[in-house]
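Here the structure is laid out as structure tokens; the discussion comes afterwards.
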Amino acid sequence: MAKLVFLGRLADLAGAPEREVAPGPLADVLAALPRDLAVALLDERVRLALNGTLKTGGEAVVLSDGDELAFLPPVSGG
Amino acid sequence: MAKLVFLGRLADLAGAPEREVAPGPLADVLAALPRDLAVALLDERVRLALNGTLKTGGEAVVLSDGDELAFLPPVSGG
Amino acid sequence: MAIDVRLLDQPFNPGAFVGPFTHAHPGLGGVCTFVGEVRGGDGIEALELSHYAPLTLPGMEALARRALARFDLMGIMILHRTGIMLPGEPIVCVSSAATHRRAAFEATDFAMDHLKSDSWFWKREKRGGVWTWIEPRGQDHADLARWD
Amino acid sequence: MAIDVRLLDQPFNPGAFVGPFTHAHPGLGGVCTFVGEVRGGDGIEALELSHYAPLTLPGMEALARRALARFDLMGIMILHRTGIMLPGEPIVCVSSAATHRRAAFEATDFAMDHLKSDSWFWKREKRGGVWTWIEPRGQDHADLARWD
Numbered sequence: 035m036a037k038l039v040f041l042g043r044l045a046d047l048a049g050a051p052e053r054e055v056a057p058g059p060l061a062d063v064l065a066a067l068p069r070d071l072a073v074a075l076l077d078e079r080v081r082l083a084l085n086g087t088l089k090t091g092g093e094a095v096v097l098s099d100g101d102e103l104a105f106l107p108p109v110s111g112g
Numbered sequence: 035m036a037k038l039v040f041l042g043r044l045a046d047l048a049g050a051p052e053r054e055v056a057p058g059p060l061a062d063v064l065a066a067l068p069r070d071l072a073v074a075l076l077d078e079r080v081r082l083a084l085n086g087t088l089k090t091g092g093e094a095v096v097l098s099d100g101d102e103l104a105f106l107p108p109v110s111g112g
Numbered sequence: 257m258a259i260d261v262r263l264l265d266q267p268f269n270p271g272a273f274v275g276p277f278t279h280a281h282p283g284l285g286g287v288c289t290f291v292g293e294v295r296g297g298d299g300i301e302a303l304e305l306s307h308y309a310p311l312t313l314p315g316m317e318a319l320a321r322r323a324l325a326r327f328d329l330m331g332i333m334i335l336h337r338t339g340i341m342l343p344g345e346p347i348v349c350v351s352s353a354a355t356h357r358r359a360a361f362e363a364t365d366f367a368m369d370h371l372k373s374d375s376w377f378w379k380r381e382k383r384g385g386v387w388t389w390i391e392p393r394g395q396d397h398a399d400l401a402r403w404d
Numbered sequence: 257m258a259i260d261v262r263l264l265d266q267p268f269n270p271g272a273f274v275g276p277f278t279h280a281h282p283g284l285g286g287v288c289t290f291v292g293e294v295r296g297g298d299g300i301e302a303l304e305l306s307h308y309a310p311l312t313l314p315g316m317e318a319l320a321r322r323a324l325a326r327f328d329l330m331g332i333m334i335l336h337r338t339g340i341m342l343p344g345e346p347i348v349c350v351s352s353a354a355t356h357r358r359a360a361f362e363a364t365d366f367a368m369d370h371l372k373s374d375s376w377f378w379k380r381e382k383r384g385g386v387w388t389w390i391e392p393r394g395q396d397h398a399d400l401a402r403w404d
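Written out as structure tokens, the structure is:
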């Protein structure tokens, strides 16, 4: 299994800070999630970190067994 | 008697931080001091404080009995 | 001890860290310290800061290294709380030690500006029993532009 | 306690003053503190600061009031040593408490710049057993010009 990690308000939306998912292409993983959560995760301001490293390019993400993919919304000000 | 107070390097020059003097016009008081000390006290960068109040104008100072006149060289930087 | 960066999940006394940090740099000229506290008023009952361990601490360490490279410092300490805090509790403490005062001021100012905007923290506030997430705000971008 | 200004003739621990100062201003956003220490190296054995009581403390109090009037502060504390100090001993501590960070930084910076140049202190340093008076220096005037 792979793990999705939701930060900030995304954790509220997901109902939990983490979620186990089946490995595979990110598009397939998102398709299996509730639609409103999938839409929020795809927001262009949400950054991704795979196994602790920020994704910088737009290359496709494919989750392998044991991977951890974090969804990082914009950080808070003030 | 009146009191002269010497700050900073002026105290070294005077050999003591304070000195009792006879009341009277400042010119007379200075005339009775060692010449090198009198010259140092008259340096234009040395400010005067009479009884705790800075002298701002150029008016003549006349010391009365019990007066305290302080000589303040430029303060140290850094 | 040129860099000392920590995430703290319990209330802390800044002085208990600043003292040893200062003493670790004998011969310094000065230390500039900023301590930010959870603001009271406005009906705020609590603040919660969440972080993402694999990124947050490395990000703070990278910021400390940038400050050290940019200013003439002997050392810099960055402490940041996580978890739930009450009004009045310290949330952040940045301390810079330098031979010259200006460098200490600027490094602490720089680190605070960048901590607020560049760090991986997500905040929410509790008012009237309801938690609300805090969004990014414009002032932070203005603060950052000072260093460009 | 909007203003807390003191001359101290014995070694002091800045944290022992900053803590109570901070706690006296609940609801604040942040506190910026600068602590200056007697610099080591260069063969310095000791530093002596002399002052003139009727002017020095009132002058520091006037500076604190100016900072309070100029910046949006909840309070400002200025502590200054007098007498003979050894390298590593704190010589000055300025702490500003404010709702907003920028005001706290600027007030402490402002007070430090003016303390160094405007205050009635005379310093001498001891090297190799010989005391030498320290003259005013140009950098201070440059620092002050920042605030004009």
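Chains A, B, C and D are the protein sequences, given in the same order. Read left to right, the first sequence gives residues 35 to 112 (our numbering). Read left to right, the second sequence gives residues 35 to 112 (our numbering). Read left to right, the third sequence gives residues 257 to 404 (our numbering). Read left to right, the fourth sequence gives residues 257 to 404 (our numbering). All C-beta atoms in this analysis are idealised placements derived from N, C-alpha and C, irrespective of residue type, glycine included. Remember, it's a predicted structure, so these values are computed and weren't measured experimentally.
A direct Cα-Cα distance of roughly 12 Å separates T278/C from D260/C. Look at H279/C here: in three-state DSSP terms it is helix. Look at D265/C here: in three-state DSSP terms it is coil, with no helix or strand label. Neighbours of G271/D across chain C, judged by C-beta separation under 7 Å: G271, V274 and G275. Between V287/C and S351/C, the CB-CB gap stays under 8 Å. Chain order gives the chain A residues near L311/C as A83, G86, L88, A104 and L106, where near means a beta carbon separation below 8 Å.
Per DSSP, the unbroken alpha helix (DSSP H) holding G315/C starts and ends at A309 to R326.
The beta carbons of A353/D and L329/D sit closer together than 8 Å. For the stretch 273-298 of chain C, no residue has a beta-carbon sitting nearer than 7 Å to a beta-carbon of chain A. T289/C counts as buried, since no fewer than 16 other beta carbons sit within 10 angstroms of its beta carbon.
Within 10 angstroms of the beta-carbon of E52/B lie fewer than 16 other beta-carbons, which makes it exposed. DSSP, read as helix, strand or coil, puts R383/C in strand. Contact between the stretch 80-93 of chain B and the stretch 63-71 of chain B is not established, with fewer than three Cβ pairs separated by less than 8 Å. Per DSSP, the beta bridge partners of M341/D are L303/D. For E93/A, the secondary structure class from DSSP, reduced to helix, strand or coil, is coil. For the pair I390/D and R383/D, the CB atoms are not nearer than the 8 Å cut-off. In the DSSP annotation of this structure, the continuous segment of the alpha helix (DSSP H) that includes S373/D starts and ends at R357 to D374. As the crow flies, the alpha-carbon of L400/D is around 16 Å from that of H356/C. If you look at V73/B, you'll find it in the alpha helix (DSSP H) that goes R69 to L75. Against P392/D, the close residues of chain B are P108, V109, S110 and G111, in the order they occur along the chain (beta-carbon pairs closer than 8 Å). It is roughly 15 Å from the alpha-carbon of A359/C to the alpha-carbon of R295/D. Within the same chain, and ignoring the five residues on either side of F361/C in sequence, the residues whose Cβ sits closer than 6 Å to its Cβ are C288.
Judged by DSSP secondary structure, A48/B falls within the alpha helix (DSSP H) whose first and last residues are R43 to A48. Counted as a single uninterrupted DSSP element, the stretch harbouring A56/B is not any alpha helix (DSSP H), since DSSP gives it neither H nor E. Within the same chain, Cβ atoms closer than 7 Å to the Cβ of A45/B are found at P51, the five residues on either side in sequence being excluded. Using a Cβ-Cβ cut-off of 8 Å, F377/C counts as an interface residue toward chain A, since at least one Cβ of chain A sits closer than that to its own. At least one C-beta of chain D is nearer than 8 Å to the C-beta of R43/B. A straight-line Cα-Cα distance of about 26 Å links L106/A and G385/C. An exposed status is given to T90/A, since fewer than 16 other beta-carbon atoms sit within 10 Å of its beta-carbon. One finds C288, F290, F361, T364, D365 and M368 in chain C with Cβ atoms closer than 9 Å to the Cβ of F361/D, taken in chain order.
The closest CA to that of G86/A, considering only E102/A, L76/A, D62/A and L60/A, is found on E102/A. Going by C-alpha positions, P276/D is about 33 Å away from A309/C.
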